[in-house]
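Heads up, the sequence shown is in this note's numbering, so the first residue is 59 and it goes up one at a time.
To start, the structure itself, in C-alpha cells.
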Amino acid sequence: MSDHSPPTTTDDSTTGALRIDAPAQSRVDERIDLRIRGAAPGESVTLAATTTDADGHEWRSTATFEADAEGVVDLTEHAPTDGSYGGVAPMGWCWSMSAGDDARVTSLMDPTPLTIELAATTDDDDRAERTITRTVVPEGVSRTEVDRPDLRGTVFEPSGAGPHPGVLVLHGSNGRPSLFDAALLAANGFAAFAVHYAGDDAPVGDGIERVPLPYFDRAASWFTDRERVADGDLGVLGHSWGALAALLLGARRGWAGAVVSYNGSGVVWDTPSGAPAWVDADGDPLDAVSGQGKQTLCDGQLDDADAETVAAATIQVERTDAPVLLISGGEDPVWPARRLSEIAADRLREAGGDVEHLTYDDAGHFVTPPSLPKDDPMFGGTARGIAAADADAWPRALACLRRGLQAATGERGEGVE
C-alpha cells in the first residue's frame, strides 16, 4: 500500500484564486495529502466533504482552518480551528464524516467507486470545488461471481497470469459477503474469494446455525483449482463471526497458511437461539459457550460459564502451523474482542506460535481496511481511534498474509506489492 497520494491535480471549478490540490482518483486504502491554496494569509477557510452511501444517506464533514503565511491550508500539518474533528489528521475530512444515527458505515463498504465532493470556501466567498473518486477495484482486477448449488461467493483476481497467492475472506454474522476486503486484497496482489457461507441465499442456510466447516474445505479446493490461484496453502481473513471461523480453520485445517482475525474470538460461542453455530465433518456441533438470548456478548457470560465448558470451547489455536494476526478494539460493544483475542494469543505464545495481537484502546468492533468514514455509534470506539487502527492494522495484515503464503508461490507472488 502506498504511503503517498497519487499525482495531484486541480481541475474542478473555482471562484477567485482558491483551489484544492487532491488527486482526481486514488485507491481507497491510499492516504490523500490534501492542500488548499490561494487563500489570503491568515484567512479562514472551511473545507466540506460529502458522499452518499448505497442506502442514499449523505455523509458529511466540515473543518475550518486558518491559512498560513503563504495562503495555504495543508491538512498534513494544520489542525482545524473548528469542525468535525480536531488535531492534525491528513484524512480527518474522511473518517469524521457523519450521516446520523440511522446510517451504517457498512453501506459504504462496497467494491464500486466512491465519489466524494470537496468544497473549500473563505469568508470573502471565494470557493473551490473538487470531485475525487476513491476506487476499490483498480483497472486489471477481475471479478467472478460463484453461484453453484454447493458454493457461493465472489472472486477477485489481480491482473497477470499468476499464480497469485489466495485468500479466503469470511464475513460476519450479518451474512453479507466481504466484497470490500476481497477487492482490496486483489488490488494488493492477492487472489481473494469472498465466501458466502451464511445469510440470504447461502448454500448452508439462512442463518449462522450449524455452519459446516467442510464448506470451507470445498471453497478452498475449488479456489486453488483456478488457474491463476497458487496451489497449496491459502490465507484466511475474517471479521467478527468470520474471524472466529478463521481461527477455527487455522487450528483444524492444514491448508490455512496465514490467519488474520479482525475482532474475532478464541472461544467458540453458540447462537442467540441456543443452536450450535458450527459443526465439523462428522456433523457433531463444536463445544461452545452459550450466547443464548443475546445479540451481543459480554465478559460476564464468559465468566459465568463453568471452567470445563470454557476450556472445551476454547479453540486449540496452538495447532495452527501458520502466522496468526489478531486485531481487536478496546471499546467493542458486540463482544469482548480484546479479551477473546488475547485468549488465542496467550495459547499461541505459550506454544511458541507465530502470533501478533494488535489491540487499540479507542477502536470498537468495526476495524477494517482504510479509509472510510467511521462515525457510527453502533460499533463502538471513536471515529479517530478506529481510523487510526484501520491505518495501522491493514498493512500489517497484508504483511502477515504475504509472509505466510510465500511458499505457495515460491516467492512473494506475482503482483503482490
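Glycine residues also receive a C-beta, built at the ideal position from the N, C-alpha and C atoms.
Can you tell me whether residue i is helix, strand or coil according to DSSP?
i           : result
residue 314 : strand
residue 83  : strand
residue 385 : strand
residue 393 : coil
residue 141 : strand
residue 340 : coil
residue 399 : helix
residue 270 : strand
residue 109 : strand
residue 306 : helix
residue 194 : coil
residue 322 : coil
residue 90  : coil
residue 295 : strand
residue 33  : Residue 33 falls outside the range modelled here, since the chain spans only 59 to 475, and no answer is possible.
residue 118 : strand
residue 368 : helix
residue 262 : coil
residue 446 : helix
residue 286 : coil
residue 421 : strand
residue 462 : helix
residue 472 : For residue 472, the pLDDT reaches just 42, beneath the cut-off of 50, and the residue's location in the model is therefore unreliable, leaving the point undetermined.
residue 358 : helix
residue 334 : coil
residue 59  : At residue 59 the pLDDT is 45, less than 50, meaning the model places this residue with poor confidence; the figure from the coordinates comes in the next sentence. If DSSP states are grouped into helix, strand and coil, residue 59 belongs with coil.
residue 409 : coil
residue 277 : helix
residue 363 : coil
residue 404 : helix
residue 455 : helix
In chain order, what residues of the same chain lie with their CB nearer than 8 Å to the CB of residue i, ignoring the 5 residues before and after it?
i           : result
residue 473 : Residue placement at residue 473 is flagged as unreliable, the pLDDT there being 40, under the threshold of 50; the coordinate-derived value follows with that caveat. Cβ neighbours of residue 473 beyond the five flanking positions: 216, 217, 218, 220, 222 and 247.
residue 260 : 210, 233 and 254
residue 158 : 115
residue 368 : 325, 347 and 360
residue 238 : 167, 168, 169, 194, 426 and 427
residue 380 : 291, 308, 314, 315, 316, 317, 412 and 462
List the DSSP bridge partners of residue i.
i           : result
residue 327 : 347
residue 415 : 384
residue 102 : 124
residue 78  : 94
residue 300 : Per DSSP, none; premise fails for residue 300.
residue 439 : 421
Can you find the residues in the same chain that come closer than 6 Å, C-beta to C-beta, to residue i, ignoring five residues on each side of it along the sequence?
i           : result
residue 106 : 120 and 177
residue 231 : 266 and 299
residue 161 : 115
residue 344 : 326 and 336
residue 475 : Here residue 475 scores only 47 on pLDDT, less than 50, and its place in the model should not be relied on; the value that follows carries that caveat. Cβ within range, chain order: 246 and 247.
residue 439 : 387, 389, 420, 421 and 422
residue 154 : 119, 142, 143 and 441
residue 146 : 137
residue 456 : 246
residue 414 : 383
residue 302 : 322 and 323
residue 378 : 308 and 309
residue 7   : Residue coverage of the chain in this structure runs from 59 to 475, which leaves residue 7 outside it and unanswerable.
residue 416 : 385 and 451
Going by beta carbon distance, what residues of the same chain come within less than 7 Å of residue i, once the five residues before and after it are set aside?
i           : result
residue 60  : Low per-residue confidence applies at residue 60: pLDDT is 44, beneath 50, and the placement is therefore not dependable enough to give any value.
residue 402 : 305, 324, 373, 375 and 384
Inside the segment 198 to 260 only - beta strand (DSSP E) runs reaching at least 3 residues: Fully enclosed beta strand (DSSP E) runs of 3 or longer: 200 to 206, 209 to 215, 224 to 228 and 249 to 253.
Touch test, the segment 81 to 99 against the segment 191 to 211, Cβ-Cβ under 8 Å, three pairs minimum: A contact exists between the segment 81 to 99 and the segment 191 to 211.
Check whether the segment 200 to 210 and the segment 177 to 188 touch, using three or more Cβ-Cβ pairs below 8 Å as the test. Output reads no: the segment 177 to 188 does not touch the segment 200 to 210.
Counting beta carbon pairs with one atom in the segment 99 to 115 and one in the segment 128 to 137, are three or more of them shorter than 8 Å? Contact holds: three or more Cβ-Cβ distances are below 8 Å.
Quick check for students: name the residue ranges of the alpha helix (DSSP H) that lie wholly in the segment 122 to 190, counting only runs of 4 or more. Counting only runs of 4 or more, we get 150 to 153.
Under 8 Å: do the segment 390 to 404 and the segment 138 to 153 share three or more Cβ pairs, one atom per stretch? Not touching, per the Cβ criterion.
Three CB pairs or more closer than 8 Å across the segment 263 to 279 and the segment 358 to 368: Flag = no, the segment 263 to 279 and the segment 358 to 368 do not touch.
Under 8 Å, with one C-beta from each stretch per pair, do the segment 375 to 393 and the segment 421 to 431 reach the 3-pair mark? Of all C-beta pairs linking the segment 375 to 393 to the segment 421 to 431, three or more are shorter than 8 Å, placing the two stretches in contact.
Are at least three pairs of beta-carbons, each pair with one atom in the segment 372 to 386 and one in the segment 307 to 327, less than 8 Å apart? Verdict: yes, contact present.
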